[in-house]
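Asks: Okay, handing you the structure first.
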Amino acid sequence: MQHIAITDIGNPKIAIKKRIIEFLQEHANVIKRQLRGTFNGVSVEVEPREEGSSEEDLHEICLDISNIGIISFSLSISALDILFCKHLNIPTNSSDSNVGINSITISHSKFFERFVSKIINCLFPNEKIKTIQCEKIKHNDIRINCELIVGNIHEDMFITFSEESLKYFSNGLRKYKPFTQKDVVATLNQVPVDISAILMKTELSIDALDTISVGDVIDLQKPEQIDVKVSGNTLFKGQLVIDEHAQFGVKYE
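Mapping to this note's numbering: the sequence shown position 220 is 357, numbers consecutive.
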């Protein structure tokens, strides 16, 4: 059974995140060749994963890529120290419980900046790169968790794509068409729980359909709101939103 989060129905970020993961996977061999010399010939791989998070302090580098937008890379402090020492072929202090943010030197940062710049050059070879001051991750940004494999070292590396950079990956997502109550219910029936949706009107009348993009919220009159129920209890009332497969979903705050 495929599990679909209720909040993901019609969410265009899900389709874009999938595209980004596929994009990284397509460039995996190029990245592997480019990074091989970083650690004295030891094989380096960057494998994107669907989920993942870190409770450790992260060291972040933010890059402004021309014609794309801002993309940032993050590693835990301990992981950065391990990789930096691996690069220099010296012992690491990662086993020391006192290793923290103050342990990171300018040399650590410069190493990580060069490292991730090589990855960006593989992904966007014709674009200029500028290191900038990092800002707090915004709600509409997408963070991808990658497993960074350097020989027998396995660490998490997070790549965050700014809302602006997501436009690069959203090109070509399908437009959609008018829908009926049947279409709405069919979409929500994909959710593997006892769920029902009640549309207060049998058909939607939406003007200027050609100007609506994937992920746009359709403004409905109050009687046209959807009432989403789980096991007979109202979960929320929300607005309709379109996903990349020309299907309705529900958006709520």
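Cβ coordinates follow ideal geometry from the N, Cα and C atoms, glycine included.
Note that this is a predicted model, so its numbers are computed, not measured.
Excluding the five sequence neighbours on either side, which residues of its own chain have a C-beta within less than 6 angstroms of the C-beta of residue 288, listed in chain order?
Replies: 179
Asks: Which residues bound the beta strand (DSSP E) around residue 307?
Replies: In the DSSP assignment, residue 307 falls outside any beta strand (DSSP E) and within the unbroken alpha helix (DSSP H) covering 300-307.
Asks: Can residue 220 and residue 268 be called in contact, C-beta distance under 7 angstroms?
Replies: no
Asks: May I ask which residues mark the beginning and end of the beta strand (DSSP E) holding residue 186?
Replies: Run containing residue 186: 181-186, per the beta strand (DSSP E) assignment.
Asks: Under 7 angstroms Cβ to Cβ from residue 284, same chain only, skipping five residues before and after it: list those, please.
Replies: 184, 186, 291 and 293
Asks: On the three-state DSSP scale, how would you describe residue 210?
Replies: strand
Asks: Excluding the 5 residues flanking residue 161 on each side, which residues of the same chain have their C-beta closer than 6 angstroms to its C-beta?
Replies: 185
Asks: For residue 263, name the three-state secondary structure that DSSP assigns.
Replies: coil
Asks: From residue 262 to residue 295, what distance separates their C-alpha atoms?
Replies: 21 angstroms
Asks: With C-beta atoms as the reference, is residue 271 less than 7 angstroms away from residue 211?
Replies: no
Asks: To which residues of the same chain is residue 202 closer than 7 angstroms at the C-beta, ignoring the five residues directly before and after it?
Replies: 208, 257, 261, 264 and 266
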